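Notes follow once the structure below has been shown.
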Amino acid sequence: MSTPLKSKIAVPRSNDREVAGVKYNRSTSGRSKFEMLAWLYMRISGVVLLVLVFGHLFVNLIAPEGGVHAIDFGFVGGKWANPFWQVWDLLLLWLALLHGGNGMRTIIDDYAERTGVRFWLKIALFVAVAFTILLGTMVIFTFEPCPAGADPELLASFCTAS
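Positions 15 to 176 (our numbering) are the ones given, in order, by the sequence shown.
Here it is in C-alpha coordinates:
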(Lines of atoms letter the chains of each structure in order from A and count residues from 1; the text may use other names and numbers.)
(Lines give C-alpha, C1' and ligand atoms only; values in the text may rest on other atoms or scores of the structure.)
Protein backbone atom coordinates (compact mmCIF):
# COMPACT_ATOMS: atom_id res chain seq x y z
CA MET A 1 0.00 0.00 0.00
CA SER A 2 1.16 3.44 -0.77
CA THR A 3 0.51 6.49 1.34
CA PRO A 4 -0.46 9.70 -0.47
CA LEU A 5 1.99 12.57 -0.06
CA LYS A 6 0.73 15.23 2.30
CA SER A 7 2.78 18.03 0.79
CA LYS A 8 4.20 18.63 -2.62
CA ILE A 9 7.98 18.87 -2.90
CA ALA A 10 9.14 21.86 -4.95
CA VAL A 11 11.05 21.13 -8.12
CA PRO A 12 14.70 22.18 -7.66
CA ARG A 13 15.58 25.41 -9.47
CA SER A 14 11.96 26.15 -10.29
CA ASN A 15 11.02 29.79 -10.79
CA ASP A 16 8.61 29.94 -7.89
CA ARG A 17 9.81 28.12 -4.77
CA GLU A 18 9.30 28.23 -1.08
CA VAL A 19 12.27 27.08 0.99
CA ALA A 20 12.12 26.99 4.79
CA GLY A 21 9.18 29.38 4.75
CA VAL A 22 10.97 31.95 2.54
CA LYS A 23 9.31 32.50 -0.81
CA TYR A 24 11.36 33.90 -3.63
CA ASN A 25 11.00 34.13 -7.35
CA ARG A 26 14.01 33.96 -9.64
CA SER A 27 13.57 34.95 -13.23
CA THR A 28 15.30 32.66 -15.72
CA SER A 29 14.51 34.55 -18.88
CA GLY A 30 17.59 34.77 -21.07
CA ARG A 31 19.72 32.68 -18.72
CA SER A 32 18.87 29.20 -19.92
CA LYS A 33 21.43 29.32 -22.75
CA PHE A 34 24.15 30.58 -20.39
CA GLU A 35 23.34 27.88 -17.85
CA MET A 36 23.42 25.21 -20.55
CA LEU A 37 26.80 26.45 -21.78
CA ALA A 38 28.12 26.60 -18.20
CA TRP A 39 26.94 23.02 -17.62
CA LEU A 40 28.61 21.91 -20.85
CA TYR A 41 31.82 23.77 -19.95
CA MET A 42 31.98 21.95 -16.61
CA ARG A 43 31.83 18.55 -18.35
CA ILE A 44 34.36 19.36 -21.07
CA SER A 45 36.79 21.21 -18.81
CA GLY A 46 36.58 18.39 -16.27
CA VAL A 47 37.78 15.86 -18.83
CA VAL A 48 40.55 18.16 -20.10
CA LEU A 49 41.58 18.95 -16.52
CA LEU A 50 41.99 15.23 -15.79
CA VAL A 51 44.53 14.95 -18.61
CA LEU A 52 46.32 18.16 -17.61
CA VAL A 53 46.48 17.33 -13.90
CA PHE A 54 47.70 13.75 -14.34
CA GLY A 55 50.26 14.93 -16.92
CA HIS A 56 51.40 17.63 -14.49
CA LEU A 57 51.69 15.14 -11.63
CA PHE A 58 53.59 12.63 -13.76
CA VAL A 59 56.10 15.18 -15.08
CA ASN A 60 56.67 16.81 -11.69
CA LEU A 61 56.55 13.85 -9.31
CA ILE A 62 57.33 10.64 -11.17
CA ALA A 63 59.44 11.46 -14.23
CA PRO A 64 62.33 13.45 -12.68
CA GLU A 65 65.21 11.51 -11.14
CA GLY A 66 64.70 11.85 -7.39
CA GLY A 67 60.91 12.36 -7.56
CA VAL A 68 59.46 15.22 -5.57
CA HIS A 69 62.88 16.01 -4.05
CA ALA A 70 64.17 17.00 -7.51
CA ILE A 71 61.74 19.93 -7.75
CA ASP A 72 63.55 23.20 -7.13
CA PHE A 73 63.99 26.59 -8.79
CA GLY A 74 66.14 25.06 -11.53
CA PHE A 75 63.54 22.39 -12.31
CA VAL A 76 60.75 24.96 -12.65
CA GLY A 77 63.05 27.29 -14.59
CA GLY A 78 63.91 24.50 -17.01
CA LYS A 79 60.26 23.61 -17.48
CA TRP A 80 59.08 27.17 -18.03
CA ALA A 81 61.89 27.90 -20.46
CA ASN A 82 59.96 25.65 -22.86
CA PRO A 83 56.85 27.31 -24.38
CA PHE A 84 55.05 23.93 -24.39
CA TRP A 85 55.11 23.77 -20.57
CA GLN A 86 54.15 27.42 -20.28
CA VAL A 87 51.01 26.76 -22.35
CA TRP A 88 50.35 23.49 -20.46
CA ASP A 89 50.49 25.21 -17.08
CA LEU A 90 48.53 28.20 -18.40
CA LEU A 91 45.73 25.91 -19.60
CA LEU A 92 45.78 24.12 -16.26
CA LEU A 93 45.55 27.42 -14.39
CA TRP A 94 42.77 28.93 -16.51
CA LEU A 95 40.63 25.80 -16.78
CA ALA A 96 40.95 24.96 -13.07
CA LEU A 97 40.09 28.47 -11.91
CA LEU A 98 37.18 28.90 -14.32
CA HIS A 99 35.92 25.39 -13.50
CA GLY A 100 36.10 26.07 -9.76
CA GLY A 101 34.64 29.56 -10.13
CA ASN A 102 31.70 28.21 -12.12
CA GLY A 103 31.11 25.58 -9.45
CA MET A 104 31.17 28.24 -6.73
CA ARG A 105 28.77 30.38 -8.77
CA THR A 106 26.36 27.45 -8.84
CA ILE A 107 26.69 26.97 -5.08
CA ILE A 108 26.03 30.68 -4.52
CA ASP A 109 22.91 30.44 -6.70
CA ASP A 110 21.71 27.40 -4.77
CA TYR A 111 22.29 28.62 -1.21
CA ALA A 112 22.22 32.43 -1.16
CA GLU A 113 18.54 33.22 -0.82
CA ARG A 114 18.62 37.02 -0.95
CA THR A 115 19.30 38.71 -4.26
CA GLY A 116 21.68 41.32 -2.80
CA VAL A 117 23.78 38.73 -0.99
CA ARG A 118 23.89 36.58 -4.12
CA PHE A 119 25.01 39.59 -6.20
CA TRP A 120 27.85 40.61 -3.86
CA LEU A 121 29.07 37.04 -3.40
CA LYS A 122 29.26 36.64 -7.18
CA ILE A 123 31.11 39.96 -7.51
CA ALA A 124 33.64 38.83 -4.86
CA LEU A 125 34.00 35.48 -6.61
CA PHE A 126 34.53 37.13 -10.00
CA VAL A 127 37.16 39.51 -8.61
CA ALA A 128 39.02 36.68 -6.84
CA VAL A 129 39.04 34.44 -9.93
CA ALA A 130 40.00 37.26 -12.30
CA PHE A 131 42.80 38.47 -9.99
CA THR A 132 44.22 34.95 -9.57
CA ILE A 133 44.08 34.25 -13.32
CA LEU A 134 45.79 37.57 -14.06
CA LEU A 135 48.48 37.06 -11.43
CA GLY A 136 49.12 33.43 -12.44
CA THR A 137 49.33 34.32 -16.12
CA MET A 138 51.82 37.09 -15.38
CA VAL A 139 53.98 34.72 -13.31
CA ILE A 140 54.03 32.08 -16.05
CA PHE A 141 54.99 34.49 -18.83
CA THR A 142 57.31 36.82 -16.91
CA PHE A 143 59.20 34.10 -15.03
CA GLU A 144 62.95 34.54 -15.50
CA PRO A 145 64.65 31.12 -15.32
CA CYS A 146 68.15 32.66 -15.28
CA PRO A 147 67.97 35.71 -12.98
CA ALA A 148 71.05 37.90 -12.74
CA GLY A 149 72.99 37.55 -9.50
CA ALA A 150 71.42 34.24 -8.47
CA ASP A 151 73.36 31.42 -6.82
CA PRO A 152 74.67 29.26 -9.72
CA GLU A 153 73.92 26.05 -7.78
CA LEU A 154 70.22 26.87 -7.78
CA LEU A 155 69.94 27.72 -11.47
CA ALA A 156 68.90 25.40 -14.27
CA SER A 157 71.67 23.60 -16.17
CA PHE A 158 71.10 25.69 -19.32
CA CYS A 159 71.78 28.99 -17.50
CA THR A 160 75.21 30.53 -17.87
CA ALA A 161 76.78 31.86 -14.70
CA SER A 162 77.21 35.63 -14.97
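For every residue, glycine included, the Cβ atom is placed at its ideal position computed from N, Cα and C. None of these values were measured; they are calculated from a predicted model.
Beta-carbon spacing of residue i, residue j below 8 Å
i, j, result
"Leu135", "Ile147", "no"
"Val65", "Leu75", "no"
"Leu139", "Gly115", "yes"
"Leu168", "Cys160", "no"
Distance, residue j Cα to residue i Cα
i, j, result
"His70", "Lys93", "11 Å"
"Ala144", "Tyr125", "23 Å"
"Gly117", "Val101", "24 Å"
"Val153", "Leu63", "20 Å"
"Phe133", "Phe72", "40 Å"
"Phe4", "Thr129", "Lying before the first or after the last residue shown, residue 4 is absent from the chain, which here runs from 15 to 176."
"Phe172", "Ala84", "16 Å"
Classification of residue i by the beta-carbon crowding that lies within 10 angstroms, buried from 16 upward
i, result
"Gly88", "buried"
"Ser46", "exposed"
"Asp103", "buried"
"Ser59", "buried"
"Gly91", "buried"
"Leu54", "exposed"
Nearest to residue i (by Cα), restricted to the options the options
i, options, result
"Glu49", "Thr120, Asp103, Leu112 and Val61", "Thr120"
"Ala95", "Leu168, Glu158 and Ala164", "Glu158"
"Phe155", "Ile58, Val67 and Leu107", "Leu107"
"Leu109", "Ile85, Val131, Ala52 and Pro78", "Ala52"
"Ala142", "Ala77, Val67 and Leu112", "Leu112"
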